[in-house]
Amino acid sequence: MQLNTLKRDDPELYDILMREVSREHGTLELIASENFVSYAVLQMAGGVMTNKYAEGYPGRRYYGGCEHVDEAENLARERAKKLFGAEYVNVQPHSGSQANMAALMTFVEVGDTIMGLDLAHGGHLTHGSPVNFSGRLYHVVSYHVHPQTGRVDFDELITLAREHKPKLIICGGSAYPRFIEFEQFREVADEVNAFLMADIAHPAGLVATGLHPSPFPHCDVVTTTTHKTLRGPRGGMIMMGRDWENPWGKVAPKSGRVKQVSELLDSMVMPGIQGGPLMHIIAAKAVAFGEALKPDFKEYTRQVVENARCLAEEFMSRDYQLVSGGTDTHLVLIDLTNKGITGKAAEKALEKAGITVNKNMVPFDKKSPFVTSGIRIGTPAITTRGMQVKEMKIIVDLINQVLSDPENQNIIDKVRNEVKDLCEEFPLYEQIRD
Ligand code: DSN
-8 MQLNTLKRDD
2 PELYDILMRE
12 VSREHGTLEL
22 IASENFVSYA
32 VLQMAGGVMT
42 NKYAEGYPGR
52 RYYGGCEHVD
62 EAENLARERA
72 KKLFGAEYVN
82 VQPHSGSQAN
92 MAALMTFVEV
102 GDTIMGLDLA
112 HGGHLTHGSP
122 VNFSGRLYHV
132 VSYHVHPQTG
142 RVDFDELITL
152 AREHKPKLII
162 CGGSAYPRFI
172 EFEQFREVAD
182 EVNAFLMADI
192 AHPAGLVATG
202 LHPSPFPHCD
212 VVTTTTHKTL
222 RGPRGGMIMM
232 GRDWENPWGK
242 VAPKSGRVKQ
252 VSELLDSMVM
262 PGIQGGPLMH
272 IIAAKAVAFG
282 EALKPDFKEY
292 TRQVVENARC
302 LAEEFMSRDY
312 QLVSGGTDTH
322 LVLIDLTNKG
332 ITGKAAEKAL
342 EKAGITVNKN
352 MVPFDKKSPF
362 VTSGIRIGTP
372 AITTRGMQVK
382 EMKIIVDLIN
392 QVLSDPENQN
402 IIDKVRNEVK
412 DLCEEFPLYE
422 QIRD
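Start counting the sequence shown at -8; every next residue gets the next number (our numbering).
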């Protein structure tokens, strides 16, 4: 990519950008929610569609000149439908949080009871955290994982659901290393007559390639981000396996026709919670979905999972405690209590050594979210660089060296050099390096 103009016109920002390119190339990115998009996605995300206002939907916009952004949005929708086997897709949410907000505001009223996985047990802010809109607008009853298994405690879930009669249950989360149990959630939702919403932001890429069970037909509505295992630009999306007449009897003003749920979701995204869509990002989503439909992407996701399993085994062989005892997906959640180091200290020491992870609460954590007892590690980004099982073994060894003696600057320096060498073998974004 040619960045000469930026270099000439704003050298200060150009330098900042180049430092970030260099950081991404020269460090090991193990944050489970991050990935590296292709050049094609990068080009579309940085393209001229950023200029276009397009409030509305393809064919019915509030602005002229939308013929080409319409083509891009239609392609994004069609490709996503094919990828996930969904009848309805909305590709406009700017983020996963906005996708969740639009879905919740369509299916439940303010003050209604909802259930979601507790944030400290692997859930997400938008699944009912008191500091988030979800916890402020709804009456939230959180469910948890079982202390022994680290998996959703369905006995607790059904007991709470019978007692509180939620209107909607959210399944999925940000730090749940196991398959989301869509069928079991459906049984609970059916028993208490609740809607079932799945947030597949983390495993979306694995769902798309059949390496993780599909939320369809079990879930009424499914949200995701597009930038994690799906490897697209940063953004959100809402899907339904099938569209149906809305059960609340909402009608179109003039004709009196009962609206489809898809119409309610569309109007909740815009004008309900968003204005102009980010057309450059929607077009970049279309590019990423096109990539995800190719056989290469299936191979990529297969390797993501194999790499995560390898990390899990290597950590466990060094006496690291993994929540749920392993992984089915792209991430592992490590409880560092037996190693005598906090998540915060581990994140900091590893960062100095060029290894990027995030501190993470573990279930039943006694430490605050700013300190935590754990770290979360994911394989999507390093797998995009081409790393395989051989490199996973090296990476666990490097992490273990640092965490075994986190204050030891000599070890940190030695590991930093080994990280640099490893990164050189798997170059990233060579075309845009200075
Ligand atoms: N914060 C994201 C993650 O890291 O999983 C989720 O929104």
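We treat Cβ as the ideally placed atom computed from N, Cα and C, and that holds for glycine.
Asked	Found
In this structure, does DSSP put Lys250 in helix, strand or coil?	coil
What is the C-beta distance between Thr97 and Met259, in whole angstroms, given that I count them as a contact (C-beta under 8 angstroms)?	5 angstroms
Tell whether a beta-carbon distance below 8 angstroms holds between Thr333 and Val362.	yes
Who are Val213's beta bridge partners in DSSP?	Ala189, Met230
Among Val143, Gly76, Tyr129, which one has its Cα closest to the Cα of His135?	Val143
Please name the residue in Ile373, Ile386, Ile385 whose C-alpha comes closest to that of Phe417.	Ile373
Using the beta-carbon count (16 or more within 10 Å), is Gly247 buried or exposed?	exposed
Does the structure place the region 271 to 290 close enough to the region 30 to 45 that three or more beta carbon pairs sit under 8 angstroms?	yes
Any beta carbon of chain D sitting closer than 8 angstroms to that of Ala77?	No chain D appears in this structure, which consists of one protein chain only.
Below 8 angstroms on the Cβ atoms is my guess for Val80 versus Met228; work out the distance and round it to an integer in Å.	6 angstroms
Give every residue of the same chain whose Cβ lies closer than 6 angstroms to the Cβ of Pro463, excluding the five residues on either side of it in the sequence, and list them in chain order.	Because the chain here runs from -8 to 425, residue 463 falls outside it and cannot be looked at.
Please confirm whether His321 and Ala71 have their CB atoms less than 8 angstroms apart.	no
Can you tell me which residues fall inside 5 angstroms of the ligand DSN, judged by beta-carbon distance to its nearest heavy atom, and keep chain order?	Ser24, Ser165
Let me check understanding here. Comparing Cα to Cα, which of Arg68, Asp356, Val348, Thr375 lies closest to Ile368?	Val348
May I ask you to list the residues that DSSP assigns as paired with Tyr48?	Arg51
When DSSP builds the beta bridges, which residues end up paired with Gln312?	Asp326
Pull up the CB-CB distance for Asp234 and Val212, whole angstroms please, since I reckon it's below 8 angstroms.	Going by Cβ atoms, the distance from Asp234 to Val212 rounds to 11 angstroms, so no, they are not a contact pair.
By DSSP's criteria, His218 is part of a beta bridge. Which residues make up the other side?	In the DSSP output, where bridge partners are listed per residue, His218 has none listed.
For Val470, collect the residues of the same chain with a Cβ closer than 7 angstroms to its Cβ; drop the 5 residues on either side in sequence, then sort them by chain order.	Look at the range of the chain in this structure, -8 to 425, and you will see that residue 470 is not part of it.
Hey, quick one: how far does the alpha helix (DSSP H) through Met9 stretch, first residue to last?	2 to 17
CA-CA distance, Asn440 and Ser364?	Because the chain is modelled from -8 through 425, residue 440 falls outside the range shown and cannot be assessed.
Between the alpha carbons of Gly87 and His115, how many angstroms are there, rounded?	10 angstroms
Spatial neighbours of Lys384 within its chain, please: CB distance less than 8 angstroms, with the 5 preceding and 5 following residues excluded, ordered by chain position.	Cys301, Glu305
When you compare only the Cα positions, how much space is there between Tyr311 and Pro238?	49 angstroms
When DSSP labels each residue in this structure, what does Ser130 get in the three-state scheme?	It is His, not Ser, that sits at residue 130 in the sequence shown. Looking at His130 - three-state DSSP - the assignment turns out to be strand.
For His85, tell me which candidate among Lys276, Glu342, Val99, Pro206 has the shortest Cα-Cα distance.	Lys276
Could you say if the region 275 to 293 and the region 338 to 356 meet the contact criterion of at least three C-beta pairs nearer than 8 angstroms?	no
Rounded to whole angstroms, what's the CA-CA distance from Ser395 to Lys330? Just pull it up for me.	8 angstroms
In this structure, does DSSP put Asn91 in helix, strand or coil?	helix
For the beta strand (DSSP E) containing Cys162, name the first residue and the last one.	159 to 162
Leaving out five residues on either side along the sequence, give the residues of the same chain with a beta carbon under 7 angstroms from the beta carbon of Glu46.	Arg52, Tyr53, Tyr54, Met261, Gly266, Gly267
Taking the C-alpha atoms as reference points, what is the distance between Gly316 and Gly141?	8 angstroms
Taking the C-alpha atoms as reference points, what is the distance between Ser13 and Ile346?	14 angstroms
Suppose the cutoff is 7 angstroms on Cβ atoms and the five residues either side in sequence are ignored; what does the same chain contact list for Cys210 look like?	Phe173, Leu187, Met188, Ala189
For Arg(-1), which beta-bridge partners are listed by DSSP?	None; Arg(-1) has no bridge partner.
Report all residues from its chain with a CB closer than 7 angstroms to the CB of Phe355; omit the five preceding and five following residues, and keep chain order.	Pro138
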